[in-house]
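Protein chains in written order, with the numbering used here: chain A, 1 to 178; chain B, 179 to 480; chain C, 481 to 627.
Report on the structure given below.
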Amino acid sequence: MNILGLISRNFRRDPATYRYPERHVPATRFRGIVRNDTAKCIACGICDHVCVSGAIVVVGHDDHCDWSYDPGRCTFCGRCVDLCPGEALSQDGDRAPTYARSGDLAQGEQITYPACPECGLPARPYNERLLMIAHDDISPEFRERIKLCERCRRRRSQTVLTKGLGGAADTERNADGA
Amino acid sequence: MTVGRALFQLLVFPGLLYAVPVAWLMLWMERKLTARLQGRIGPPFYQPFFDFVKLLAKRPLPRPPLQALAMSALPVLAVAGTLGALALLPVFPHSGGFTGDLVLLVALLEIPPLCAVLAGFVSRSIYGELGATREAVLSIAYSLPFLAALVALAAAANSLSLSVISQQAMWQVRLPALLALALCLPVKLRVNPFSVANAEQEIYAGATTEFEGPRLALWELAHGLEWVALTGLWAVLAFPAANAAWPLRAVVFVAISLALVLVLAAVAAATARLKLAQAARVYWLWGSALGVLAMVVAVVWP
Amino acid sequence: MRLIDSLVRTSRRRSPWLFHLNAGSCNGCDIELVACLTPRYDVEQLGIRLEGSPRHADIIVVSGPVTRTTRAALETVYAQVPDPKVVVALGSCPASCNVFAGSPTVEGPLDRILPVDVYVPGCPPRPDAIIAGIAEAIALLAEGGHA
Ligand code: SF4
Ligand code: SF4
Ligand code: SF4
């Protein structure tokens, strides 16, 4: 008669219930809705690429990038957070509020590209960590170059290259391009 | 029994005015105790009352006229039948009653199950029909011990009047008869382990699956009243003291009824649902054994 | 009349009965909903009951992205619930079809088929999120739902 012991023990004890609205605090690594720290985001689009349910959409433009996220589509798997190279993404430690219309919780962020120090046009953002992964030895010259916009960077590389080769091609090419 | 007295018993005690609040109280006690035995908080005190009001305030769904009529009439009949049965309970011994009210009581107590069976078939849902079939099978099974116990009591008191029976049946008969009646209570009230007729989560709500809003409210009320009537019947038969003062009798009547609710709820919480065949066998075998024992004692005892 | 009105309102708030419909969910949300009935969360403290029959229900709780086979059932069940009623969408699936979006067998999201009143975010939502969602639904129900 195990059940008798069980129910009499339940009866003697206080109920195990949380009295509404008292509630259970989520575990420390609870995966809530995703937040983007735009200052760290480098608009690489990896989060969009790995998101199984298409909750994150990253669309690049000339001078900025639109990052949008709909928690109503998210499976809260955390893949985007794990794989974000800029560590820009994080997840709330608690549940999101309920909402009344589909898409009410959606967030849109804009990541503006920094200006190229040479020409002033938008340059793709980068971050230190990604750089360290790609190159373990970074010369100051290289660090300079990484901040440039694509066009200026190409030109800079060209200059370096041609200088090394003797300098003749440089004038020729520049005359062509200009 | 004078008309005034009959009206009092029907409308005040142990009828309408007493029975309806106590029905809600018993429904709550049953749910609350079950919850507590399972380590939960359970519903607040006023729960069955608000359930009832809410259901009354829901808009009934459109139905074909005849079905709508049947589906409204059946729960009303069940409520009325149970109230009638309540009015016959001889809580106060010399409060009247008449020879043969035992027969009327048995008939009235059979109305709610009968209505439930009909309701299940009228609703034309397979779950309703399944529930109705089970209800019918079970009512055949429990009727034998239930009736045998009452017949034994009547034979022992040599009367068909409830108040005489409750006073004069001897304890040798009364004991097995009360046991047989107690055995019949869970199945008549459709609680575990004999809840196969409305098997929650299995066939949804059995016979009342298709009932909505006010019609369901009446079924809930009928169910609550059945609790009051059946525990009341048992209480009346278990407390014969003829010369107790009327307030004492009333208090003891209520106390025994409520205690019985607690016992039934505890049993329900401690057991699992038996299958239809198993439940029927319990009644055919053990129930009948008790009933027959009571009957034999009633006839053979000098 | 005022008294009866407020009594009805209170009773709707105190006695919401749920009907749960699985419209092709992965079972995650369904398990969490059942978790609400466990001693830990015990929604019966709010008067909530999980009913087996839509005829008895006030709140329809839908989980899953609404597959082609469940769509008809969903519409039938919705019609079977007597007014006033409220629809709660459980998890990301009914809100957007979640990972099932674009599947040829999915006809969701839910708001294409039924008017949805409350969305509970999560995949699956935590039981306390579900209870919060139902509490929201109860408030709507007391005001007469979207009948
Ligand atoms: S940096 Fe992170 S958040 Fe920004 S686009 Fe890349 S993966 Fe997404
Ligand atoms: S947590 Fe998973 S589903 Fe949600 S946005 Fe990130 S990758 Fe997509
Ligand atoms: S929201 Fe998530 S847990 Fe719920 S049914 Fe959809 S996939 Fe399953």
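Using N, Cα and C, we set each Cβ at its ideal position, and we do this for glycine too.
Ligand 3 heavy atoms versus the CB of residue i: any closer than 6 angstroms?
i                     : result
residue 578 (chain C) : yes
residue 604 (chain C) : yes
residue 571 (chain C) : yes
residue 504 (chain C) : no
residue 54 (chain A)  : no
residue 544 (chain C) : yes
residue 509 (chain C) : yes
Check whether the Cβ of residue i lies closer than 6 angstroms to any heavy atom of ligand 2, and answer yes or no.
i                     : result
residue 84 (chain A)  : no
residue 34 (chain A)  : yes
residue 38 (chain A)  : no
residue 76 (chain A)  : yes
residue 95 (chain A)  : no
residue 152 (chain A) : no
residue 79 (chain A)  : yes
residue 51 (chain A)  : yes
Tell me which residue opens and which closes the beta strand (DSSP E) that residue i is part of.
i                     : result
residue 198 (chain A) : An answer regarding residue 198 (chain A) cannot be provided, because it is not within the stretch 1 to 178 covered by chain A.
residue 35 (chain A)  : 34-36
residue 569 (chain C) : 566-570
residue 540 (chain C) : 539-543
residue 65 (chain A)  : 64-69
residue 90 (chain A)  : 89-91
residue 600 (chain C) : 598-600
residue 498 (chain C) : 497-502
Looking at the unbroken alpha helix (DSSP H) that takes in residue i, where does it start and where does it end?
i                     : result
residue 362 (chain B) : 349-366
residue 186 (chain B) : 181-189
residue 49 (chain A)  : 46-50
residue 56 (chain A)  : Per DSSP, residue 56 (chain A) belongs to no alpha helix (DSSP H); it is in the beta strand (DSSP E), 56-60.
residue 475 (chain B) : 466-478
residue 486 (chain C) : 482-494
residue 320 (chain B) : 304-335
residue 283 (chain B) : 279-300
residue 485 (chain B) : Nothing about residue 485 (chain B) can be read from this structure; chain B reaches only from 179 to 480.
residue 230 (chain B) : 225-234
residue 11 (chain A)  : 2-12
residue 603 (chain C) : Residue 603 (chain C) -> no alpha helix (DSSP H), and no H or E assigned at all.
residue 457 (chain B) : 454-460
residue 42 (chain A)  : Run containing residue 42 (chain A): none; DSSP gives neither H nor E here.
residue 253 (chain B) : 243-266
residue 104 (chain A) : That residue, residue 104 (chain A), is in no alpha helix (DSSP H); it is neither H nor E in DSSP.
residue 557 (chain C) : 548-560
residue 511 (chain C) : 508-515
residue 194 (chain B) : 194-215
Is any non-hydrogen atom of ligand 1 found closer than 6 angstroms to the C-beta of residue i, if you look at the structure I gave you?
i                     : result
residue 182 (chain A) : No answer is possible for residue 182 (chain A): the residues shown for chain A start at 1 and end at 178.
residue 46 (chain A)  : yes
residue 450 (chain B) : no
residue 43 (chain A)  : yes
residue 58 (chain A)  : yes
request  = Flag this pair as touching only if the region 423-435 of chain B and the region 352-371 of chain B have three or more C-beta atom pairs under 8 angstroms; answer yes or no.
outcome  = no
query = Do the region 91-105 of chain A and the region 28-43 of chain A touch if we need at least three Cβ pairs shorter than 8 angstroms?
reply = yes
ask   = Do the region 288-295 of chain B and the region 250-268 of chain B make contact, defined as three or more Cβ pairs closer than 8 angstroms?
value = The region 288-295 of chain B and the region 250-268 of chain B touch, with no fewer than 3 CB-CB distances between them shorter than 8 angstroms.
key: Proximal residues, the region 512-529 of chain C versus chain D, C-beta separation under 7 angstroms   = Absent from the structure: chain D. Protein chains present are A, B and C.
request  = Could I get the ranges of all uninterrupted alpha helix (DSSP H) runs contained in the region 125-160 of chain A, with 4 residues as the minimum, in chain order?
outcome  = 128-134, 140-146
inquiry  = What ranges does the alpha helix (DSSP H) occupy inside the region 399-430 of chain B, keeping only unbroken runs of at least 4 residues that lie completely in it?
reply    = none
query = Are the region 94-109 of chain A and the region 128-139 of chain A touching by the rule of at least three beta carbon pairs closer than 8 angstroms?
reply = With a cut-off of 8 angstroms, the region 128-139 of chain A and the region 94-109 of chain A do not count as touching, because too few Cβ pairs lie within range.
message = Using 8 angstroms as the cut-off, can you tell me whether the region 4-22 of chain A makes contact with the region 60-73 of chain A, which would need three or more C-beta pairs spanning the two stretches below that distance?
response = Below 8 angstroms, too few C-beta pairs join the region 4-22 of chain A and the region 60-73 of chain A to call them touching: fewer than three.
query = Taking contact to mean at least 3 C-beta pairs separated by less than 8 angstroms, is the region 466-475 of chain B in contact with the region 322-338 of chain B?
reply = yes
ask   = Do the region 507-516 of chain C and the region 537-545 of chain C meet, that is, are 3 or more Cβ pairs less than 8 angstroms apart?
value = yes
ask   = Does the region 511-524 of chain C come close enough to the region 378-392 of chain B to have 3 or more Cβ pairs within less than 8 angstroms?
value = no
ask   = At a cut of 8 angstroms, does the region 316-324 of chain B reach the region 241-248 of chain B through at least three beta carbon pairs?
value = no
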